[in-house]
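Chemist:
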Amino acid sequence: MAVTKKQLVTAISVVYLLCPTVLAAYALRSAHNYSLPIPDVICALAIALPPLAGIALEVVLAINEKLAARGQLQTSRIFQIVTAFFLIYESVLATLAGSHISPPGSLDCALRETWQKLYHGKEGQCVRRIQDAFQCCGLASMKDMAWPFPDANHAAEACMVRYEERSTACMDPWRDEERKVAIMLLIVPVMVFLWKVAVVLAPSSQSAWLPSQIRLPTDSASAESSATPRRPRPAIAYRDVEEAVEEDSLHDEVERLNKDSQLASHIEANRSKSSGYLDEAARWREPL
Numbered sequence: 010m011a012v013t014k015k016q017l018v019t020a021i022s023v024v025y026l027l028c029p030t031v032l033a034a035y036a037l038r039s040a041h042n043y044s045l046p047i048p049d050v051i052c053a054l055a056i057a058l059p060p061l062a063g064i065a066l067e068v069v070l071a072i073n074e075k076l077a078a079r080g081q082l083q084t085s086r087i088f089q090i091v092t093a094f095f096l097i098y099e100s101v102l103a104t105l106a107g108s109h110i111s112p113p114g115s116l117d118c119a120l121r122e123t124w125q126k127l128y129h130g131k132e133g134q135c136v137r138r139i140q141d142a143f144q145c146c147g148l149a150s151m152k153d154m155a156w157p158f159p160d161a162n163h164a165a166e167a168c169m170v171r172y173e174e175r176s177t178a179c180m181d182p183w184r185d186e187e188r189k190v191a192i193m194l195l196i197v198p199v200m201v202f203l204w205k206v207a208v209v210l211a212p213s214s215q216s217a218w219l220p221s222q223i224r225l226p227t228d229s230a231s232a233e234s235s236a237t238p239r240r241p242r243p244a245i246a247y248r249d250v251e252e253a254v255e256e257d258s259l260h261d262e263v264e265r266l267n268k269d270s271q272l273a274s275h276i277e278a279n280r281s282k283s284s285g286y287l288d289e290a291a292r293w294r295e296p297l
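In the working numbering, each residue's number is its place in the sequence shown (first place is 1) plus 9.
Next comes the structure, spelled out in C-alpha cells:
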C-alpha cells in the first residue's frame, strides 16, 4: 500500500519530536548525576513538552478534518486556545532554563549552596562523582570542602594528596556543566516551536483551522465527478457575480431601471399631449 503524504509527515514528526525528548531526558540524567542546582520540574516539563505538543496538535487537526467534511469549519477558537497554551508553556520553560545560563557569575551562589548541602550532609559519593567527572578537587579552591572530607584521618588537602595530577577546583567546570544542561533544556521548546510552525504552514494541512470567512475553497473531486457539478463560491467575491443564479445581476438591474425610466418618460409625454387636446376641445365648445 502506498504511503500517503499525511502518513509521511506524521512519521517525520514522530522522529523529530523524539529528538528533543531524548535531549531532555539526557539533561535530566546529567542534572542528577552531577547534582546540579536545576529543579527537577524544569526537566520534567521539557520531557513532557514534545509528546504533549504532538498529540494536542494532531487531535486538533483531526477534529478540524472531521468538521470540514461536515461543512463545519468554525474551529479556529480551539486551535487558538491550544496554540496559546503551548506558547505560554514554551515561554515559561525557556525562561526557567535561561535563568541557569547567564550571567555566569549569578550561578555561583546556587552552586555553592548545593555543594555546602552535600558537604554538611556527608554526601561523599555525590561530591566524589563531581570531582572524578571534572578531574578537580574542592569547590572554590582545592581545599574548599573537598572529598575526602576532613576528619581525624584526613586533612583538608587529602584530595590533593590522593590525586596529585589534579590542579583545579570544581567551580568552573561544574558551572559550565550546569550551563550546558540548561542550554539543552532551552533547545527543547525552541525545537517544538519550530516544528509547530512547520506543521501549521505545511500545504497538506489545508489551513483547516482558519475561519471559513477568509478561506478560499477549491473545487472538490466529488463535485467534479458528479453529474451536475457545483462550483463552490469563494468567500471573497462580488455580490453581482456571487448571486447571479439566485437574483438579477447588477448589470441587469441597471438595464431594468433604464427601461422603467424610458417608459415613465413616454407615459408622461403622452399624458401631456392628451391634456393639450382636451384643453383645445374645451375652448371650441365655449360660446362666442
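Every residue, glycine too, gets a C-beta built ideally from N, C-alpha and C.
With burial defined as no fewer than 16 other Cβ atoms inside 10 Å of the residue's Cβ, what is the status of Lys15: buried or exposed?
Modeler: When all chains shown are included, Lys15 counts as exposed.
Chemist: Tell me whether the beta-carbon of Leu45 lies closer than 9 Å to the beta-carbon of Glu186.
Modeler: The answer is yes: Cβ separation under 9 Å.
Chemist: Apply the 10 Å Cβ neighbour rule to Glu264 and answer buried if 16 or more other Cβ atoms are within range, or exposed otherwise.
Modeler: By the 10 Å Cβ count, Glu264 comes out exposed.
Chemist: DSSP on Thr92, reduced to helix/strand/coil?
Modeler: Helix, per DSSP.
Chemist: Can you tell me which of Met200, Leu272, Met193 puts its alpha carbon nearest to the alpha carbon of Ala34?
Modeler: Of the listed residues, the one whose Cα sits closest to Ala34 is Met193.
Chemist: Taking the alpha-carbon positions, what's the Val18 to Ala103 distance?
Modeler: About 26 Å.
Chemist: With a 10 Å radius around its C-beta and 16 neighbouring C-beta atoms as the bar for buried, classify Pro29 as buried or exposed.
Modeler: Its Cβ being crowded by 16 or more others within 10 Å, Pro29 is buried.
Chemist: Express the C-alpha separation of Val23 and Ala149 in angstroms, rounding to a whole number.
Modeler: Their backbone Cα atoms lie some 44 Å apart in a straight line.
Chemist: From Pro220 to Leu61, what distance separates their C-alpha atoms?
Modeler: With a pLDDT of 42 at Pro220, under the threshold of 50, the modelled position of that residue is not reliable, and no figure is offered here.
Chemist: Would you please state the rounded distance, in angstroms, between the beta carbons of Asn42 and Arg138? I believe it to be under 8 Å.
Modeler: At roughly 7 Å, the Cβ-Cβ gap stays under 8 Å, so Asn42 and Arg138 are in contact.
Chemist: Please state the DSSP three-state secondary structure of Val24.
Modeler: Val24 falls in the helix class under three-state DSSP.
Chemist: What residue range is occupied by the uninterrupted alpha helix (DSSP H) comprising Ile47?
Modeler: It is not in any alpha helix (DSSP H) - Ile47 carries neither H nor E in the DSSP assignment.
Chemist: Contact defined as beta carbons within less than 8 Å: I believe Cys179 pairs with Phe143. What is the distance between those atoms, to the nearest angstrom?
Modeler: 6 Å between Cβ atoms; contact.
Chemist: Would you mind reading off the limits of the alpha helix (DSSP H) that contains Met154?
Modeler: Premise fails: Met154 is in no alpha helix (DSSP H) and is neither H nor E.
Chemist: Count the other CB atoms, across all protein chains shown, that sit within 10 Å of the CB of His7; report buried if there are 16 or more and exposed otherwise.
Modeler: Any answer about residue 7 is impossible in this case: the structure gives the chain only from 10 up to 297.
Chemist: So, helix, strand or coil for Ile110, using DSSP?
Modeler: Of the three classes helix, strand and coil, the one that applies to Ile110 here is coil, per DSSP.
Chemist: What do you get for Lys205, buried or exposed, if any count of 16 or more other CB atoms within 10 angstroms of its CB means buried?
Modeler: The residue is buried, with at least 16 neighbouring Cβ atoms inside 10 Å.
Chemist: Roughly how many angstroms separate the alpha carbons of Thr92 and Gly63, rounded to a whole number?
Modeler: Using only the alpha carbons, I get a separation of about 12 Å.
Chemist: Assign Leu27 to buried or exposed, taking buried as 16 or more other Cβ atoms, counted over all protein chains shown, within 10 Å of its Cβ.
Modeler: Per the 10 Å Cβ criterion, exposed.
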